[in-house]
Structure formats: structure tokens, C-alpha cells
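K.L.:
In this note's numbering, the protein residues as written are 12 to 227. Quick reminder that beta carbons are idealized off the backbone N, C-alpha and C, glycines included.
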Ligand code: PRP
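Printed below as a string of C-alpha cells:
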């Protein structure tokens, strides 16, 4: 592992933009990253010895576990689903949403009994954990990769386990929240070895980010 730089993995998308704004507030900038047309994957601030890269969200905990990134910023949904050996050190408070069981209102009935149902989700581990350990129900879990709301509409599943933010995707598709599993937000995660080897810099950074959040 290269200890010259602190390497930060960011989940692509909205969280990355908000994360960089927060880094900006603690005086860490990466101009290269602001160019929307760039196809570059990794960005370096030589003076501050910081590196940032964008990755698909589910890969962020993987990069951090293996030490390819010292720090990661990713949603709690992904952290729970990937279940990697990493430290979760800070709740950034943005990217707030909820993990829910959703479906047509009539499906509520199916959740009351121990019957065999089908659950579609991009989060099979979270879905399985919730149904098996909280509800003591053993549904068939079908892994999908996106547009999960389609599943109950076209008859692939009875319900879905998915993220609800504004609720408009559900509403526009005639579905509703049936049960809430867990509230979610963006988190900072840290590699376990980096936490020891780069303790001073990482602890400073986490404290600074936390203070910047509290000033908002
Ligand atoms: C997420 C999630 C829901 C939607 C919820 O999907 O899976 O479909 O956002 O947001 P809302 O409550 O504000 O409507 P995303 O847009 O990330 O794409 P995906 O369906 O391909 O996963």
C-alpha cells in the first residue's frame, strides 16, 4: 500500500458531488474532478497528497477492504449489502433515504403470515436478513440490478426490497411502502490497516469532515 497519498473511493453519482463539496469545506479540493466531460478515473491533488477515484457504489467497500482505497464514501445500503471488513466511522447525514419492503397495497396481507412469497431486490442480503431474522419468513429472493419497481407490476415478485427517497417512483407505479427496514444515509468507511498506519491524517480528516457537517 502506498502511504504517500490518502486515497478516497467515491460511489459514482449524487453522493460523489456532495462528498467533494464537503471536502472543499475542509480545504481539500480536486479541480480535475470538476470537469464533467473527463473520462479520467483517478484524480490527484499533489500538494495535499490526496487521491480520489470514482467507482460503482457496490465496489467501494471492496476497494476499501483490500486497501486500494484508504477511505470510502458510500451509502449505508451498500455497506450493509456488501458486509465487508471495514470500519464505518462517520454518518454524513446526506443521501438520506429508507430501505423498505414495497409493493401493491394488497400485498400487505402476504407479509402477515408465514407463507411462501417472492421478493425482488438489488439487495438480496438485506432482504434475506430482514425476512429470515426479523420476520421469520423464508421467501424466495430474486436478485435484480435496477428498476426494481417493475417486478411486482409484471408479476415477477409479490413485493420488493428497495430504497425509497421521495416515494415518487412508487407512487407513479401504483406501489406503496409496506414496511420500513432501516433508514439510510451516506457514510465514511476506512480500511482497517490504514486506520492504524495513517492514523493521524485519517483521524484529522474525519474530525474535520464532522466539524464541517456540524457547521452547516
Ligand atoms: C432508486 C431506487 C428507487 C428510486 C427511489 O433507483 O431503486 O427506484 O431510486 O427514489 P424515489 O423514492 O425518490 O422515487 P435509482 O434511480 O438509483 O435506479 P435503479 O432503479 O436503476 O436502481
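What I want to know is whether the C-beta of residue 86 ends up closer than 7 Å to one or more non-hydrogen atoms of ligand 1.
P.N.:
Along the chain shown, one-based indexing puts residue 86 at 75. Every heavy atom of ligand 1 is 7 Å or more from the Cβ of residue 86, so no.
K.L.:
With contact counted as at least three CB pairs below 8 Å, one residue from each stretch, are the stretch 117-126 and the stretch 209-223 in contact?
P.N.:
no
K.L.:
Can residue 6 be considered in contact with ligand 1, in the sense that its beta carbon sits closer than 7 Å to one or more heavy atoms?
P.N.:
No information on residue 6 is available, as it lies outside the stretch 12 to 227 that the chain covers here.
K.L.:
At which residue ranges does the stretch 37-70 contain complete beta strand (DSSP E) runs of 3 or more residues, listed in the order of the chain?
P.N.:
Runs of the beta strand (DSSP E) lying entirely within the stretch 37-70, each at least 3 residues long, are 53-56 and 61-66 in chain order.
K.L.:
Could you give the residue range of the beta strand (DSSP E) that holds residue 82?
P.N.:
In the chain shown, the residue the question calls residue 82 occupies position 71. Here the beta strand (DSSP E) through residue 82 covers 82-86.
K.L.:
Hey, would you say residue 83 sits closer than 8 Å to residue 197, going by beta carbons?
P.N.:
Indexing the chain shown from 1 puts residue 83 at position 72. Indexing the chain shown from 1 puts residue 197 at position 186. Going by C-beta atoms, residue 83 is not nearer than 8 Å to residue 197.
K.L.:
What residues does ligand 1 have around it, judged by CB closer than 5 Å to any heavy atom, in chain order?
P.N.:
157, 158, 173, 174, 175, 176, 177, 178, 179 and 180
K.L.:
Near residue 181, which residues of its chain fall below 8 Å by C-beta distance, leaving aside the five closest residues on each side in sequence?
P.N.:
Here residue 181 is taken as the residue at index 170 of the chain shown, counted from 1. The residues are 113, 160, 175, 187 and 188.
K.L.:
For residue 92, count neighbouring C-beta atoms within 10 Å of its own C-beta (all shown protein chains included) and say buried if the count is 16 or more, exposed if not.
P.N.:
Reading the chain shown from its first residue, position 81 is the one you call residue 92. Buried, by the Cβ-count rule.
K.L.:
Going by DSSP, which residues form a beta bridge with residue 23?
P.N.:
Residue 23 sits at position 12 when you count from the first residue of the chain shown. The partner list for residue 23 (beta bridge, DSSP) is empty, contrary to what the question assumes.
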